[in-house]
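Chemist: Attaching a single structure in structure tokens format; questions to follow.
Residue numbers (this note's numbering), protein chains in the order written: chain S, 7 to 183; chain H, 808 to 987.
As structure tokens, this is what we get:
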């Protein structure tokens, strides 16, 4: 190793960062080379001078401030956990309400769909309405309608009798609507 | 960290007690401002507390700790640059004189200390951090490289150049540095 190589490694030599064999080679070189020894002494002194900047104790308030800062965090964590549980419960109840609501709704729908009135109304075509228009305009028909409205139980669940004429059946359906 | 993750307050307090001095002094030497160093140190521990749940011991704890300090210190430097604030030498650092110390020696020591603070402060940021971690925290080049995210050779070179620069800056104190 020449002086240039030695001097490039002096810093690592001071910091004991070299392999033992390399360290030994530098030590041997320093024993015989005044230039490298002077350079080594200069670097070493500068490095040792840094010891004059000693550690200082951190302010006492620092620890207190850190602990105070994380305390709300702890509370927040607990609050968030409670919030999660509440949200989960809300979801369960919500789903339960939705499920049972749907179920009763569909049962109601089923019951409604079994009412022949709606089925009958749904079956009334536009042509039938137009054909019955003159009938709707007659006073007798209006009176009959009033009578029908006052009757609580209409026997509508029964199949329309064959004896009833077609226009009459249609008009009956219209009345219920 | 495992205990902190489980919410053990005592473990966190113990961690602060064990590392606050090193964290504070690293930030103080790097930033040369006691208020900023205190803020950084506080932030470091708060971040550790928050990160406890996700912490995985991939590296040595102190390597992770000093990496956080480094990142936060560089954030402060960035803010300083944005605010165009020039770093002010923190001369108000408390230092108690050694008992029965020769007054002449004490003055020299205080002057040397000032000169060292000034010389270290003049080093480029990456060089300064490498010097502080290596010199004051006793870390190996390998550990410093891990913290600074660069190669060992880069650290070797930075510390080497820093020593040369410091030698020039502190040449007037030649012969007086062995007392420390």
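Positions of the beta carbon are idealized from the N, C-alpha and C atoms, including for glycine.
At least one CB of chain S closer than 7 Å to the CB of residue 898 of chain H: is that the case?
Modeler: The predicted position of residue 898 of chain H is uncertain, since its pLDDT is 48 and thus under 50; a value taken from the coordinates is nonetheless stated next. No, residue 898 of chain H does not count as interfacial toward chain S.
Chemist: What separation, rounded to the nearest whole angstrom, lies between the Cα atoms of residue 914 of chain H and residue 924 of chain H?
Modeler: Distance between the alpha carbons of residue 914 of chain H and residue 924 of chain H: 15 Å.
Chemist: In the DSSP assignment, find the unbroken alpha helix (DSSP H) run with residue 878 of chain H in it and report its ends.
Modeler: Run containing residue 878 of chain H: 868-890, per the alpha helix (DSSP H) assignment.
Chemist: Would you mind working out which of H:828, H:860, H:947 sits nearest residue 811 of chain H, comparing C-alpha positions?
Modeler: When each option's Cα is compared against that of residue 811 of chain H, the closest is H:860.
Chemist: Hey, is residue 31 of chain S's beta-carbon within less than 7 Å of any beta-carbon in chain H?
Modeler: No - not a single Cβ of chain H is within 7 Å of the one on residue 31 of chain S.
Chemist: Taking any Cβ of chain S, which residues in the stretch 831-842 of chain H have a Cβ under 9 Å from it, in chain order?
Modeler: If the cut-off is 9 Å between Cβ atoms, the stretch 831-842 of chain H has 831, 832, 835, 836, 841 near chain S.
Chemist: So the candidates are H:852, H:928, H:842; which of them puts its Cα closest to the Cα of residue 871 of chain H?
Modeler: Out of H:852, H:928, H:842, H:852 has the C-alpha closest to the C-alpha of residue 871 of chain H.
Chemist: Would you say residue 973 of chain H lies against chain S (beta-carbon separation less than 7 Å)?
Modeler: For residue 973 of chain H, the answer is yes, since a Cβ of chain S falls inside 7 Å of its Cβ.
Chemist: To the nearest angstrom, report how far apart residue 973 of chain H and residue 829 of chain H are at their CA atoms.
Modeler: Near 23 Å, if we compare the C-alpha coordinates of residue 829 of chain H and residue 973 of chain H.
Chemist: For residue 963 of chain H, go through chain S and note every residue whose CB falls closer than 8 Å to its CB, in chain order.
Modeler: In chain order: 17, 18, 23.
Chemist: If you pair each beta-carbon of the stretch 93-106 of chain S with each one of the stretch 864-884 of chain H, do three or more pairs fall below 8 Å?
Modeler: Touching, no, given that fewer than three Cβ pairs across the two stretches are closer than 8 Å.
Chemist: Rounded to whole angstroms, what's the CA-CA distance from residue 52 of chain S to residue 929 of chain H? Just pull it up for me.
Modeler: Each residue's alpha carbon lies about 14 Å from the other.
Chemist: For the stretch 848-882 of chain H, which residues have a CB atom closer than 8 Å to at least one CB atom of chain S, in sequence order?
Modeler: Cβ contacts with chain S come from 848, 849, 852, 853, 856, 857.
Chemist: Please compile the residues from chain S whose C-beta is within a distance smaller than 7 Å of the C-beta of residue 951 of chain H.
Modeler: Within chain S, no residue comes near residue 951 of chain H; the closest Cβ sits about 10 Å away, beyond 7 Å.
Chemist: Output the boundary residues of the alpha helix (DSSP H) element that contains residue 22 of chain S.
Modeler: Segment: none, residue 22 of chain S is in no alpha helix (DSSP H) and carries neither H nor E.
Chemist: Which of the three DSSP states, helix, strand or coil, is assigned to residue 862 of chain H?
Modeler: Three-state DSSP puts residue 862 of chain H in coil, outside helix and strand.
Chemist: Using 10 angstroms around the beta-carbon of residue 960 of chain H, count the other beta-carbons present and answer buried if the total reaches 16, otherwise exposed.
Modeler: It is exposed - the Cβ of residue 960 of chain H has fewer than 16 other Cβ atoms within 10 Å.
Chemist: Does the Cβ of residue 103 of chain S have 16 or more other Cβ atoms within 10 Å, making it buried, or fewer, making it exposed?
Modeler: Flag for residue 103 of chain S reads exposed.
Chemist: Between which two residues does the alpha helix (DSSP H) carrying residue 838 of chain H extend?
Modeler: From DSSP, the alpha helix (DSSP H) with residue 838 of chain H extends over 816-838.
Chemist: Should the stretch 60-72 of chain S be regarded as contacting the stretch 843-851 of chain H, the criterion being three or more beta carbon pairs within less than 8 Å?
Modeler: In short, these stretches touch, since the Cβ pair count reaches three.
Chemist: Against chain H, does residue 91 of chain S count as a neighbour if the rule is that its beta carbon must be under 7 Å from one of theirs?
Modeler: Residue 91 of chain S does not count as touching chain H.
Chemist: Just the Cα atoms here: how many angstroms apart are residue 931 of chain H and residue 93 of chain S?
Modeler: C-alpha separation (whole angstroms): 53 Å.
Chemist: Tell me where the alpha helix (DSSP H) around residue 940 of chain H begins and ends.
Modeler: Unbroken run through residue 940 of chain H: none, as it is neither H nor E.
Chemist: If we define contact as Cβ-Cβ less than 7 Å, is residue 932 of chain H a contact residue for chain S?
Modeler: No, no contact with chain S.
Chemist: How is the alpha helix (DSSP H) around residue 953 of chain H delimited, first residue to last?
Modeler: Segment 948-955, the alpha helix (DSSP H) holding residue 953 of chain H.
Chemist: From residue 840 of chain H to residue 883 of chain H, what does the alpha carbon distance come to, in whole angstroms?
Modeler: For residue 840 of chain H and residue 883 of chain H, the distance between alpha carbons rounds to 11 Å.
Chemist: By the 10 Å Cβ neighbour count, where 16 or more other Cβ atoms means buried, how is residue 10 of chain S classified, buried or exposed?
Modeler: Result: exposed.
Chemist: Exposed or buried, residue 995 of chain H, counting other C-beta atoms within 10 Å across all chains shown (16 or more means buried)?
Modeler: As displayed, chain H neither begins before 808 nor continues past 987, which places residue 995 of chain H out of reach and without an answer.
Chemist: Anything in chain S within Cβ reach of residue 845 of chain H, meaning under 9 Å, just list it in chain order.
Modeler: What residue 845 of chain H touches in chain S: 64, 65, 67, 68, 71.
Chemist: Looking only at its chain, what residues have a beta carbon closer than 6 Å to the beta carbon of residue 951 of chain H, apart from the 5 residues adjacent to it on each side?
Modeler: Answer for residue 951 of chain H: 937, 940, 941, 962, listed in chain order.
Chemist: Near residue 19 of chain S, which residues of its chain fall below 6 Å by C-beta distance, leaving aside the five closest residues on each side in sequence?
Modeler: The residues are 32.
Chemist: Taking Cβ-Cβ distances below 8 Å as the criterion, which residues of the stretch 45-59 of chain S are in contact with chain H?
Modeler: Listed in sequence order: 48, 49, 51, 52, 53, 54, 55, 56, 57, 58, 59.
Chemist: In this structure, does DSSP put residue 808 of chain H in helix, strand or coil?
Modeler: Residue 808 of chain H falls in the coil class under three-state DSSP.
Chemist: Give the range of the alpha helix (DSSP H) segment to which residue 63 of chain S is assigned.
Modeler: Premise fails: residue 63 of chain S is in no alpha helix (DSSP H) and is neither H nor E.
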